[in-house]
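Chemist: Numbered per this note's numbering, the sequence shown finishes at 429, counting up by one with no gaps.
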Amino acid sequence: MYKKPSVWQIIFRLLWIYAPFAILGQAFGYFFSATILFCIIIITTHYYQLLKLSKWLWQQRGIYPPKALGIWSNVFEGIYTQQRRNAKKRNELTGLVRRFRLGAESLPDGVVIYDNERRIFWCNKISQNMLHLKWPADKGIRIDNLIRMPEFIDYLDDQAYQEPLEIPSPTNDTHVYEIRVVPFESDKWTLIVRDITELHQLEQMRKDFIANVSHELKTPLTVMRGYLEITEDLEGIDSAMWDKAHTMMVEQTTRMDDLVSQLLSLSKMERQDTPADIVTLNIPRMLNILVNEAVSLSNNKHNITFDIDETLTVKGNESELRSAFSNLVFNAVRYTPFGGNISIVWKLTKSGKAKFSVKDDGVGIEAAHIPRLTERFYRVDEARTRQTGGAGLGLSIAKHALANHNSKLEITSKIDEGSVFSFRLPKALVVKQ
């Protein structure tokens, strides 16, 4: 460890070195010349040490200092020690930066750091994909020059960062992003971008659900209220009118009861991950009954064929699976034009799964509608759905019933060619014969 010498120690060292020159110079009568020679040697020595220091700092690649004389050894050793300290701090800072970046990369959200001039300082990979940024090519470029949305620029100008900003994705119009900005340092800001498309869709579904339930209940209630107002004057009502009013009120009451029952059933399925009351089910018998009901519903106006493996039975919840089977079969009857063909198949696949499919040659469904068919109250053709009496809950119920049995609804359709609705129950639910 370096110990700072006192002034007297420095003077003593100089006198100790100067003493031989002074003695010899005094002895031979060249005291002044000896003193000058001493000064020249001291200056030359120091200059030589400076040259060694300069060469070590600027030319040599090694970190270890060369040998030095006198106080220069302390200088070299001090610089070397300071370099080691700086290298250690630099490594620590590099490690901190690396860990920060790794942490930011592991976040599920996009992160962009920019300065007060809105120049990008750093961004993670997720933000690059979400905002179409390029790193490090976009470093130092103003972020508002890369994201040219008026609402985004106004958000930065107003600096009203208490509330997040929702914007459409710059790369995909079907996605919605939430933007938040928080201070990072005295001269930097952190922009956090999150994909809230799913939340946005859920909120829209909630609004649609409330609107649809209100509409579904309002229509029968309006009909019933009208007939109740008519029946206030019992003397003016003949038997035929009363029979008609009674029939309509029963129909509308039944419609509301069916709607509430479907909602309760759907709510129950959504609350549980696995179905209760798992038993061995005679699916062929269930399907034969459904086929007869489908023929009755069709009133012999469709060509319904079926291929049912009479030996294939599975384990599951009877009410849930019956809902799934019946909704697919009855939907095919309701939405296939008269004279159309409907094919119902129940068979064992090569992989050991139980497959059920309903195929029709109806008008088909546009590809844009297929992902949303299992949403509650979603209708492809609003007018036609109301004519068939559907509430828009059937496929949603089927979806959740199948999910509770580790299965999922598969839908394929082509315009003017027809549709296929199918699902596969896992091998674990198949009962071996």
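Backbone N, C-alpha and C define an ideal beta-carbon position, used for all residues, glycine too.
Since this is a predicted model, take the numbers as computed values, not measurements.
Check for me: the beta strand (DSSP E) holding W185 runs from which residue to which?
Modeler: 184 to 191 is the extent of the beta strand (DSSP E) around W185.
Chemist: K349 and P422 look like a contact to me (Cβ under 8 Å); what is the Cβ gap, rounded to whole Å?
Modeler: Between P422 and K349 the Cβ distance is about 6 Å, and since that is below 8 Å, they are a contact.
Chemist: To the nearest angstrom, report how far apart K121 and D153 are at their CA atoms.
Modeler: In a straight line, the C-alpha of K121 is about 26 Å away from that of D153.
Chemist: Let's see if you can read the secondary structure: which residues bound the beta strand (DSSP E) around I304?
Modeler: Its beta strand (DSSP E) spans residues 299 to 304.
Chemist: Which term fits W4, buried or exposed, when burial requires 16 or more other beta carbons within 10 angstroms of its beta carbon?
Modeler: Exposed: under 16 other Cβ atoms inside 10 Å.
Chemist: Could you spell out the range, first to last residue, of the beta strand (DSSP E) harbouring F417?
Modeler: Per DSSP, F417 belongs to the beta strand (DSSP E) from 414 to 421.
Chemist: Which same chain residues, not among the five before or five after L283, have their C-beta less than 6 Å away from its C-beta?
Modeler: I304, W342.
Chemist: Are G442 and S409 touching if we call contact CB-CB under 8 Å?
Modeler: Limits of the chain in this structure are -3 at one end and 429 at the other, which puts residue 442 out of reach.
Chemist: Give me the residue from F117, H171, L187 with the minimum Cα distance to I149.
Modeler: Nearest C-alpha to I149: L187.
Chemist: Measure how close the beta-carbons of I300 and S292 come, nearest whole angstrom, since I'm counting them as under 8 Å.
Modeler: No, I300 and S292 are not in contact; Cβ-Cβ is about 11 Å, not under 8 Å.
Chemist: Would you grab the beta carbon distance between F72 and L103 for me? Rounded to a whole angstrom, and I think it's under 8 Å.
Modeler: 47 Å between Cβ atoms; not a contact.
Chemist: How many angstroms separate the CA atom of I116 from the CA atom of V108?
Modeler: Distance between the alpha carbons of I116 and V108 is about 7 Å.
Chemist: Check whether the region 353 to 370 touches the region 171 to 182, taking contact to mean three or more Cβ pairs, one atom from each stretch, closer than 8 Å.
Modeler: Counting Cβ pairs under 8 Å, fewer than three are found: no touch.
Chemist: Applying the criterion that 16 or more other CB atoms from any shown protein chain within 10 Å of the CB defines a buried residue, is I143 buried or exposed?
Modeler: I143 is buried by the Cβ-count criterion.
Chemist: From R372, P16, L11, pick the residue whose C-alpha is nearest to that of L198; which is it?
Modeler: The residue with the shortest Cα to Cα distance from L198 is R372.
Chemist: Specify the secondary structure class of K121 as computed by DSSP and reduced to three states.
Modeler: Here K121 sits in helix by DSSP.
Chemist: Below 8 Å CB to CB, which residues in the same chain sit around S29 once its five sequence neighbours on both sides are set aside?
Modeler: Excluding positions up to five away in sequence, the list reads G21.
Chemist: Taking Cβ positions, are A290 and V325 nearer each other than 8 Å?
Modeler: Cβ atoms of A290 and V325: closer than 8 Å.
Chemist: Who are the near neighbours of A328 in its chain, counting only those whose CB is closer than 6 Å to its CB and skipping five residues on each side?
Modeler: For A328, where only same-chain residues beyond five positions count, the Cβ hits under 6 Å are I338, V354, D356.
Chemist: Per DSSP, L350 is paired with what?
Modeler: What sits at residue 350 in the sequence shown is Ala, not Leu. For A350, which the question treats as bridged, DSSP gives the partners L344, L421.
Chemist: Check whether the Cβ atoms of I366 and V287 sit closer than 8 Å, and answer yes or no.
Modeler: Result no, Cβ atoms of I366 and V287 do not sit closer than 8 Å.
Chemist: So, with DSSP's three-state summary, where would you put T337?
Modeler: This sequence places Asn at residue 337; Thr is not what is there. Strand at N337.
Chemist: With H, G and I counted as helix, E and B as strand and the rest as coil, what does DSSP make of T276?
Modeler: In the structure shown, T276 sits in a strand (DSSP, three-state: E or B).
Chemist: How close, in whole Å, do the beta carbons of T276 and V426 come, if the pair is a contact with beta carbons under 8 Å?
Modeler: Contact doesn't hold; Cβ gap of about 11 Å is too wide.
Chemist: With burial defined as no fewer than 16 other Cβ atoms inside 10 Å of the residue's Cβ, what is the status of E316: buried or exposed?
Modeler: Classification of E316: buried, given that the 10 Å Cβ count is 16 or more.
Chemist: So what's E174 in DSSP terms, helix, strand or just coil?
Modeler: In the structure shown, E174 sits in a strand (DSSP, three-state: E or B).
Chemist: Quick check on the DSSP output: the beta strand (DSSP E) that includes I163 runs from which residue to which?
Modeler: I163 -> beta strand (DSSP E) spans 161 to 164.
Chemist: What are the residues that DSSP puts in a beta bridge with R138?
Modeler: R115, per the DSSP bridge assignment.
Chemist: DSSP has Y110 in a bridge; who is on the other side?
Modeler: The partner list for Y110 (beta bridge, DSSP) reads I116, W185.
Chemist: Rounded to whole angstroms, what's the CA-CA distance from N168 to F321? Just pull it up for me.
Modeler: Whole-angstrom Cα-Cα distance: 37 Å.
Chemist: In this structure, how does DSSP classify K428 when only helix, strand and coil are distinguished?
Modeler: Here K428 sits in coil by DSSP.
Chemist: Pull up the distance between the alpha-carbon of L98 and that of I192, whole angstroms please.
Modeler: Approximately 23 Å between the Cα atoms of the pair.
Chemist: Roughly how many angstroms lie between the CA atoms of L92 and Q158, to the nearest whole one?
Modeler: Distance between the alpha carbons of L92 and Q158 is about 29 Å.
Chemist: List the endpoints of the continuous alpha helix (DSSP H) containing S319.
Modeler: 314 to 331 is the extent of the alpha helix (DSSP H) around S319.
Chemist: Relative to the C-alpha of R420, which residue among E306, K395, M252, I411 is closest?
Modeler: Nearest C-alpha to R420: K395.
Chemist: Would a C-beta distance cut-off of 8 Å place S418 and G358 closer than the cut-off?
Modeler: For S418 and G358, no; Cβs fall outside 8 Å.
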